[in-house]
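Under this note's numbering, think of the first position of the sequence shown as 1, with each following residue one higher. Note that CB positions come from ideal geometry on N, CA and C, so glycine has one too. Keep in mind the model is a prediction, meaning the values are calculated, not measured. For reference, the structure discussed in these notes is given below.
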Amino acid sequence: MTRRISILGATGSIGGSTLDLIARQPDRWRVAALTANCQAQELARLARRFDAEVAVVADETCLPELRDALAGSGIEAAGGAGALIESAARPVDITIAAIVGCAGLAPTMAAIEQGRTVALANKEALVSAGDVMKAAVARCGTVLLPMDSEHNAIFQCLAGNDPAYVRSITLTASGGPFRDWSMAQLAAATPAQAVKHPNWSMGAKISVDSATMFNKGLELIEAWHLFPVALDALRIIIHPQSVVHSMVEYRDGSTLAQLGPSDMRVPIASCLAWPERMDTPCPPLDLARLGELTFRPPDEDRFPATRLAREAAAAGGAAPAVLNAANEMAVAAFLAGHLPFTRIAVTVEELLARYVPPAAASLDEVIAIDAEARSVARQMLELV
Ligand code: NAD
Ligand code: MG
1 MTRRISILGA TGSIGGSTLD LIARQPDRWR VAALTANCQA QELARLARRF DAEVAVVADE
61 TCLPELRDAL AGSGIEAAGG AGALIESAAR PVDITIAAIV GCAGLAPTMA AIEQGRTVAL
121 ANKEALVSAG DVMKAAVARC GTVLLPMDSE HNAIFQCLAG NDPAYVRSIT LTASGGPFRD
181 WSMAQLAAAT PAQAVKHPNW SMGAKISVDS ATMFNKGLEL IEAWHLFPVA LDALRIIIHP
241 QSVVHSMVEY RDGSTLAQLG PSDMRVPIAS CLAWPERMDT PCPPLDLARL GELTFRPPDE
301 DRFPATRLAR EAAAAGGAAP AVLNAANEMA VAAFLAGHLP FTRIAVTVEE LLARYVPPAA
361 ASLDEVIAID AEARSVARQM LELV
């Protein structure tokens with residue numbers, strides 16, 4: 001049976017890995033919408049290759065280029081925030097939410113409102129919207145599949161078990177490229193060094209998040225929303241090999257873990273085929289060749305991000321949305337060469353001390369809080 005799919009953030013790392021799997025099952029999939037921020041040439045190439053119904057650029061200034069690149073193809077071209085949301089609302093069997101940052105929130109919510117299946121890679125959207133997104137999922141009867149490798153692992157380890165028997169959930173973290181660096185080295189870390197992840201190939205923003213450990217902080221909040229456990233039942237452990245993707249411990253002392261190669265096509269395939277399984281081209285895990293898997297506790301003195309995320313979740317209200325907005329702004333400033341690496345966490349902590357409005361009750365309120373937090377962060381960053 002053919003399934004209709006839309007990919008929000010099709011030109012990114014997750015978008016590309018998803019399309020790689022789709023290309024291997026051409027009879028199974030019909031591509032509805034493919035979206036990007038700009039990257040008109042690449043988006044048009046993908047839209048032609050996958051015979052998409054519509055290609056959308058969020059940045060409207062890129063629409064003329066997209067139109068030219070799609071001329072004669074019969075594929076619809078659209079641009080702007082409204083067009084992005086409209087394309088996400090087109091009926092499909094599954095939407096891949098793979099835009100980076102809170103920019104993906106409104107289109108992801110539009111996909112959720114369809115009441116079908118949404119595979120969520122865009123963790124910033126859930127961190128910012130939290131209960132608002134969960135309420136929409138419940139109201140619309142949407143199936144929300146976690147695509148983030150850790151959350152996909154936990155989802156698999158929870159399958160068939162009563163959540164009441166869960167004692168704790170442990171998220172594994174590679175520790176990023178700087179896990180063994182001193183404070184002095186971290187202070188001098190460059191964007192080029194930060195985006196070079198030892199195990200995973202990912203977009204620039206999540207690579208920096210991995211280096212600061214904000215990725216794990218965001219994932220802690222993501223797990224807290226997705227799974228029925230209290231904040232103090234969520235743990236983080238450093239596991240440099242990225243083979244164990246996360247674990248669930250049950251009351252009887254059994255711990256279930258999901259293992260696999262560090263290739264996002266594994267959790268993506270798990271979402272695409274769910275509740276069935278599909279083949280992937282990933283080489284099978286060879287534990288004998290790996291020899292050993294190691295684990296150690298995180299160091300929150302050098303990497304305060306996970307502490308800040310735990311505190312933001314505990315504080316409640318809009319604190320997680322503010323943490324996310326501050327981090328997005330600080331990461332952009334770091335990547336642009338305007339902010340030292342170690343100031344990313346300092347910026348987030350300072351913004352959380354200055355601005356925490358009450359919890360949002362609607363999507364519009366989340367978006368307003370995100371915008372206000374960015375504006376305060378922008379002023380702060382100019383002071384640095
Ligand atoms: P990426 O930077 O490679 O791609 C991002 C995509 O979003 C691109 O298609 C880009 O055009 C689009 N985009 C960027 N800004 C936009 C905007 N303002 N409006 C609309 N579209 C915009 O990012 P990625 O690494 O693929 O990550 C995507 C999401 O998945 C992130 O939330 C990330 O945290 C999450 N994630 C990624 C990985 C990974 O391995 N890459 C793993 C787990 C989770
Ligand atoms: Mg992850």
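Subject >> Buried or exposed by the 16-neighbour rule on C-beta atoms within 10 Å, applied to G141 >> reply: exposed
**OP:** May I have the straight-line CA-CA distance separating S242 from L63, to the nearest angstrom?
**Re:** 39 Å
Subject >> Neighbourhood of E219 by C-beta, 6 Å cutoff - its chain only, sequence neighbours within 5 removed >> reply: E150, L171
Original post:
On the three-state DSSP scale, how would you describe A89?
Top reply: coil
Original post:
Less than 6 Å between the CB of E222 and some heavy atom of ligand 2, yes or no?
Top reply: no
**OP:** Check whether the Cβ of N37 lies closer than 6 Å to any heavy atom of ligand 1, and answer yes or no.
**Re:** yes
Subject >> Exposure label - T117; buried when at least 16 CB within 10 Å >> reply: buried
Subject >> Length-filtered (4 minimum) alpha helix (DSSP H) runs lying within the region 98–143 >> reply: 105–112, 123–129, 131–140
**OP:** Figure out for me which residue from M133, D299, R374 has the closest Cα to the Cα of G175.
**Re:** D299
Original post:
What separation, rounded to the nearest whole angstrom, lies between the Cα atoms of R28 and L8?
Top reply: 19 Å
Subject >> Three-state secondary structure (DSSP) of W29 >> reply: strand
**OP:** Tell me whether A58 counts as near ligand 1, meaning its Cβ is closer than 6 Å to at least one heavy atom of that ligand.
**Re:** Relative to ligand 1, the nearest heavy atom lies less than 6 Å away from the CB of A58.
Subject >> Counterpart residues of S168 in DSSP-defined beta bridges >> reply: In the DSSP output, where bridge partners are listed per residue, S168 has E249.
Original post:
Are the Cβ atoms of L363 and H225 separated by less than 7 Å?
Top reply: no
Subject >> V57 beta carbon less than 7 Å from that of G79 >> reply: Using a Cβ distance threshold of 7 Å, G79 and V57 count as a contacting pair.
Subject >> For ligand 2, residues whose Cβ lies under 6 Å from any non-hydrogen atom >> reply: D148, S149, E150, E219
Original post:
So L385 and A10 are in contact, right, with Cβ under 8 Å, and what is the actual spacing, rounded?
Top reply: Outside the modelled stretch of the chain, which goes from 1 to 384, sits residue 385, for which no answer is possible.
Subject >> Residue burial classification, S201 (beta-carbon count within 10 angstroms, cutoff 16) >> reply: exposed
Subject >> Alpha-carbon spacing of A36 relative to R343, whole angstroms >> reply: 30 Å
Original post:
Per the contact definition of three or more C-beta pairs closer than 8 Å, is the region 226–245 in contact with the region 258–268?
Top reply: yes
**OP:** Check P146 in the structure and name its three-state DSSP category.
**Re:** strand
Subject >> Where the beta strand (DSSP E) containing R258 begins and where it ends >> reply: According to the sequence displayed, residue 258 carries Gln and not Arg. Run containing Q258: 255–259, per the beta strand (DSSP E) assignment.
Original post:
Quick one: complete beta strand (DSSP E) runs, 3+ long, within the region 33–59?
Top reply: Residue ranges of uninterrupted beta strand (DSSP E) with 3 or more members, entirely inside the region 33–59 and ordered along the chain, are 54–57.
Subject >> Between the CA atoms of R354 and M109 - distance to the nearest angstrom >> reply: 28 Å
Subject >> Those residues which DSSP pairs with L234 across a bridge >> reply: I169
**OP:** Starting from the C-beta of L144, find all residues in its chain whose C-beta is less than 7 Å away, skip the five residues before and the five after it, and write them out in chain order.
**Re:** For L144, the CB contacts under 7 Å within the same chain, skipping 5 residues up- and downstream, are V118, L120, V137 in chain order.
Subject >> Inter-residue spacing [alpha-carbon to alpha-carbon] between Q49 and V31 >> reply: It should be noted that the sequence gives Arg, not Gln, for residue 49. Answer to the nearest angstrom: the Cα atoms are 10 Å apart.
Original post:
Where does A361 fall in DSSP's three states?
Top reply: If DSSP states are grouped into helix, strand and coil, A361 belongs with coil.
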